[in-house]
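Engineer:
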Amino acid sequence: MTNQSIGQLTGSLIGSKGSLTMPARPAGLQCSPSVASDAARQLLGFFRKGDAEDPDTYVAGLAAVLAKYPPDVVRAVAGPYGIAGKTKFLPTLSEVRDACEEAMRPRYEAAAREAERKRIEAQLEERRKWQEGQKLADPQRIKRVRDKFDADMVAIDIATGYRKPRWEAREAGTIPPIGPEHADDLARLMATPSMSGRSA
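Quick note: our numbering has the sequence shown finishing at residue 424, numbered continuously throughout.
1) Assign Ser261 to one of two classes, buried (16 or more other C-beta atoms within 10 Å of its C-beta) or exposed (fewer than that).
2) What whole-angstrom Cβ distance do Val289 and Leu268 have, given they're in contact under 8 Å?
3) In terms of alpha-carbon separation, which member of Asp371, Gly303, Glu338 lies closest to Ala323?
4) Let me know the secondary structure DSSP gives Ala251 once reduced to three states.
5) Ignore the nearest five residues each way along the sequence and tell me which others in Ala276's own chain have a CB closer than 7 Å to its CB.
6) Tell me which residue opens and which closes the alpha helix (DSSP H) that Asp362 is part of.
7) Is the CB-CB distance between Leu253 and Gly285 below 8 Å?
8) Does DSSP put Pro315 in a helix, in a strand, or in coil?
9) Which of helix, strand or coil does DSSP assign to Glu325?
10) Please classify Lys367 as buried or exposed, where buried requires at least 16 neighbouring CB atoms within 10 angstroms.
11) Using 10 angstroms around the beta-carbon of Ala334, count the other beta-carbons present and answer buried if the total reaches 16, otherwise exposed.
12) Mind checking Ala248: buried by the 16 CB within 10 Å criterion, or exposed?
13) Give me the Cα-Cα distance between Lys312 and Phe271, rounded to the nearest whole angstrom.
Written out as structure tokens, the structure reads:
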């Protein structure tokens, strides 16, 4: 079979939706069909042709598998120190794909590490923004929480018949208002049923 007919057969297998196609990778990571065909022929050349029942079909299928990987991975796997140097018998398409995946593993791991690094950076940035927001508490919110707290405490005092001197001083303006640093504590305190005047 000529190089042209192998290339045509390879191209049809690579473009088909049959069982020989592998999951697609981004276009920049795939080698050209001609590089894949050359690598497939080279790999077959390292073994006896009689090991393949139909060498042309084997080369076409092998090229379809190899075409899904970057050129440097294809050269490494199809070269003399790749899968041919590790096995005595003609590898199946599955074994070639596994060898390519093994060669791709460092890239996959690097991509996973990079994605994790970006996720952590985004999380830290979100935390930083949240902490900035905590420092710059809304004065209106603080006043609303403080007023609700004061009203609830007065309601409790009235309900129990007890008037604390602190609240009288507060109403007279001699006790300073609660500052922003205590607004969250005050809000949590007000959320409890016992402090808001609600029964549990």
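Here a beta-carbon is modelled for each residue, glycine too, at the ideal position from N, C-alpha and C. All figures in this text were calculated on a predicted structure; none of them were measured in a lab.
Structural biologist: Here's the rundown:
1) The residue given as residue 261 occupies position 37 in the sequence shown. It is buried - the Cβ of Ser261 has at least 16 other Cβ atoms within 10 Å.
2) To locate residue 289, count along the sequence shown from 1; it is residue 65. To locate residue 268, count along the sequence shown from 1; it is residue 44. The pair is not a contact, with the Cβ atoms about 13 Å apart (cut-off 8 Å).
3) Numbered from 1 along the sequence shown, position 99 holds the residue referred to as residue 323. With distances taken between CA atoms, Ala323 lies nearest to Gly303 out of Asp371, Gly303, Glu338.
4) As a position in the sequence shown, residue 251 is number 27, starting the count at 1. At Ala251 the pLDDT is 46, less than 50, meaning the model places this residue with poor confidence; the figure from the coordinates comes in the next sentence. Three-state result, Ala251: helix.
5) Here residue 276 is taken as the residue at index 52 of the sequence shown, counted from 1. Cβ neighbours of Ala276 beyond the five flanking positions: Leu268, Tyr282, Leu314.
6) As a first step, residue 362 is located in the sequence shown; it is residue number 138 there, counting from the start. Note, Asp362: premise wrong, no alpha helix (DSSP H); not H, not E.
7) Here residue 253 refers to the residue found at position 29 of the sequence shown. Here residue 285 refers to the residue found at position 61 of the sequence shown. Not a contact, by the Cβ cut-off of 8 Å.
8) Taking the first residue of the sequence shown as position 1, residue 315 is located at position 91. Pro315: coil per DSSP, three-state reduction.
9) Position 101 of the sequence shown, counting from 1, holds the residue named residue 325. Helix at Glu325.
10) Looking up residue 367 in the sequence shown gives position 143. Its Cβ having fewer than 16 others within 10 Å, Lys367 is exposed.
11) Taking the sequence shown and counting its residues from 1, the one referred to as residue 334 is at position 110. Classification for Ala334: exposed.
12) On the sequence shown, position 24 is the one that residue 248 refers to. At Ala248, the pLDDT of 43 sits below 50, so the modelled position is not reliable and the matter cannot be decided from this model.
13) Your numbering for residue 312 matches position 88 in the sequence shown. Your numbering for residue 271 matches position 47 in the sequence shown. When rounded, the distance between both Cα atoms is 8 Å.
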